[in-house]
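Numbering (the numbering used here), first residue to last: 538 to 827.
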């Protein structure tokens, strides 16, 4: 249960900016304190010391996996110094090994490319030239996982999160697409837009908006100016989808504001508790790209 609780807290990090302005500064400080507590917990879980590195030798075995890659992404965003070079080295070996197997990183999940590409960037590497494949050619995680993914299978084969994280990865460094790209940026954007629900939210499946997927969609759509949003057949897109999705998320967040503060309070109690945190799984990060 505590492991699931920590996953929830990491999801709440994405919603902090959507809280009312009068409480935002205090809540941001609370969330940072929680993030620091998660880092401290994970160090202890790894067998590291409080002033040691989270990305120690034990953790490096997780490079290239969902339980592993989100930590260097989070650490980098928090400005925490750690062994990013070591993580990159192990991650490169993992990617090269997987590229020598059928399906490379995954036969179905394009988000494997997206998560790993973001981890490479967070650790200071270049995802457009990250190791070599079985033919000795440079591995381009951005091309293979986003605009040229369609040469193998649909970018959205696993669902809308494939399109969403494809756009996030593509826009992470404003990558230029070649003229012969299988998908254009507009193609990917339209695939996201055509899945927006009537209330402005998004869902992995079904007709009920989901805050997790909606927050991802907001992040993906945010860099696109209103005037640059294309139209999709008979579906109007002049209603600024990112704004309507953000509006839905704000309503969801406001409705649960009291729960958020209760979680913050409980998190503080957990962080100061001397009781050991037990876990049967090593995944402490929300599998947003599952």
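Note that CB positions come from ideal geometry on N, CA and C, so glycine has one too.
Boundaries of the alpha helix (DSSP H) in which residue 724 is found, first to last residue | Along the chain shown, one-based indexing puts residue 724 at 187. It spans 722 to 730 - the alpha helix (DSSP H) in which residue 724 sits, taken as one unbroken run.
*With a cut-off of 8 angstroms, do at least 3 Cβ pairs link the region 640 to 657 to the region 694 to 707?*
The region 640 to 657 is in contact with the region 694 to 707.
Worksheet item: Nearest to residue 666 by alpha carbon, out of 625, 617, 639, 757?
Response: Indexing the chain shown from 1 puts residue 666 at position 129. Check the Cα spacing between residue 666 and each of 625, 617, 639, 757: the tightest is with 625.
CA-to-CA distance, residue 691 to residue 586, given in whole angstroms: Counted from its first residue, the chain shown places residue 586 at position 49. Counted from its first residue, the chain shown places residue 691 at position 154. Counting only the Cα atoms, residue 691 lies some 44 angstroms from residue 586.
Original post:
Helix or strand or just coil, what does DSSP make of residue 748?
Top reply: To locate residue 748, count along the chain shown from 1; it is residue 211. Residue state for residue 748 is assigned as helix, using DSSP reduced to three classes.
Indicate the three-state DSSP secondary structure (helix, strand or coil) for residue 690 in the structure shown. Mapped onto the chain shown, residue 690 falls at position 153. Here residue 690 sits in coil by DSSP.
Starting from residue 625, trace the alpha helix (DSSP H) both ways and give me its first and last residue.
-> Position 88 of the chain shown, counted from the start, is the residue given in the question as residue 625. In the DSSP annotation of this structure, the continuous segment of the alpha helix (DSSP H) that includes residue 625 starts and ends at 621 to 636.
Handout entry: Inter-residue Cα distance where the pair is residue 835 and residue 608
Key = Absent from the structure is residue 835, since the part of the chain shown begins at 538 and ends at 827.
Check your understanding: Among 676, 670, 668, 640, which has the Cα closest to the Cα of residue 689?
Key -> Taking the chain shown and counting its residues from 1, one reaches residue 689 at position 152. Ranking the options by Cα distance to residue 689, first place goes to 640.
| Run through DSSP, which three-state label would residue 773 get? | As a first step, residue 773 must be located in the chain shown, where it is residue number 236. Note that residue 773 has pLDDT 42, beneath the 50 cutoff, so the model's placement of it is unreliable and no number is given.
State the Cα-Cα distance for the pair residue 581 and residue 575, rounded to the nearest angstrom.
By 1-based counting over the chain shown, the position of residue 581 is 44. By 1-based counting over the chain shown, the position of residue 575 is 38. If you take the alpha carbons of residue 581 and residue 575, they lie about 10 angstroms apart.
Q | Identity of the residue in 725, 749, 740, 743 nearest residue 761 by Cα | A | What you label residue 761 is simply residue 224 of the chain shown in a count that begins at 1. Ranked by Cα distance from residue 761, the options 725, 749, 740, 743 are led by 725.
- Query: With distances taken between CB atoms, is the gap from residue 603 to residue 633 smaller than 9 angstroms?
  - Reply: Here residue 603 refers to the residue found at position 66 when the chain shown is read from its first residue. Here residue 633 refers to the residue found at position 96 when the chain shown is read from its first residue. Going by C-beta atoms, residue 603 is not nearer than 9 angstroms to residue 633.
Within 10 Å of its beta-carbon, does residue 715 have 16 or more other beta-carbons around it, so buried, or fewer, so exposed? Here residue 715 refers to the residue found at position 178 of the chain shown. By the neighbour-count rule (16 or more Cβ atoms within 10 Å), residue 715 is not buried but exposed.
*Which whole-angstrom value describes the C-beta separation of residue 637 and residue 592, a residue pair presumed to lie in contact below a C-beta threshold of 8 angstroms?*
Numbered from its first residue, the chain shown carries residue 637 at position 100. Numbered from its first residue, the chain shown carries residue 592 at position 55. Their Cβ separation, rounded to whole angstroms, is 25 angstroms, which puts residue 637 and residue 592 out of contact at 8 angstroms.
Going by the DSSP bridge assignment, what does residue 669 pair with across the sheet?
Here the question's residue 669 lines up with position 132 in the chain shown. According to DSSP, which records beta bridges pairwise, residue 669 is partnered with 675.
Counted within 10 angstroms of its Cβ, other Cβ atoms place residue 674 as buried (16 or more) or exposed: Within the chain shown, residue 674 is the residue found at index 137, counting from 1. That one is exposed.
inquiry  = Between the alpha carbons of residue 623 and residue 737, how many angstroms are there, rounded?
reply    = Here the question's residue 623 lines up with position 86 in the chain shown. Here the question's residue 737 lines up with position 200 in the chain shown. Rounded to whole angstroms, residue 623 to residue 737 spans 42 angstroms at the Cα level.
Are the beta-carbon atoms of residue 718 and residue 684 separated by less than 9 angstroms? The residue labelled residue 718 in the question sits at position 181 within the chain shown. The residue labelled residue 684 in the question sits at position 147 within the chain shown. Against a cut-off of 9 angstroms, the Cβ pair of residue 684 and residue 718 comes out as a contact.
Measure the Cβ-Cβ separation of residue 722 and residue 707 and say whether it is below 9 angstroms. Your numbering for residue 722 matches position 185 in the chain shown. Your numbering for residue 707 matches position 170 in the chain shown. In this structure, residue 707 lies closer than 9 angstroms to residue 722 by Cβ.
Alpha carbon to alpha carbon, how far is residue 601 from residue 676? Give it in angstroms, no decimals. Taking the first residue of the chain shown as position 1, residue 676 is located at position 139. Taking the first residue of the chain shown as position 1, residue 601 is located at position 64. Answer to the nearest angstrom: the Cα atoms are 15 angstroms apart.
Which of the three DSSP states is assigned to residue 617 in this structure?
Working through the chain shown from its first residue, we reach residue 617 at position 80. In this structure, residue 617 counts as coil in the three-state DSSP scheme.
Start and end residues, alpha helix (DSSP H) containing residue 713
Here residue 713 refers to the residue found at position 176 of the chain shown. Where residue 713 is concerned, there is no enclosing alpha helix (DSSP H), because DSSP gives it neither an H nor an E.
Measuring only the C-alpha atoms, how far is residue 612 from residue 571? Stepping through the chain shown from its first residue, residue 612 is reached at position 75. Stepping through the chain shown from its first residue, residue 571 is reached at position 34. For residue 612 and residue 571, the distance between alpha carbons rounds to 13 angstroms.
Ordered along the chain, which non-local residues of its own chain (more than five positions away) have a Cβ less than 8 angstroms from that of residue 753? Here residue 753 refers to the residue found at position 216 of the chain shown. Cβ neighbours of residue 753 beyond the five flanking positions: 698, 701, 702, 705, 739, 825.
Nearest by alpha-carbon distance to residue 628: which of 710, 682, 663 is it? Position 91 of the chain shown, counted from the first residue, corresponds to residue 628. Per the Cα distances, 663.
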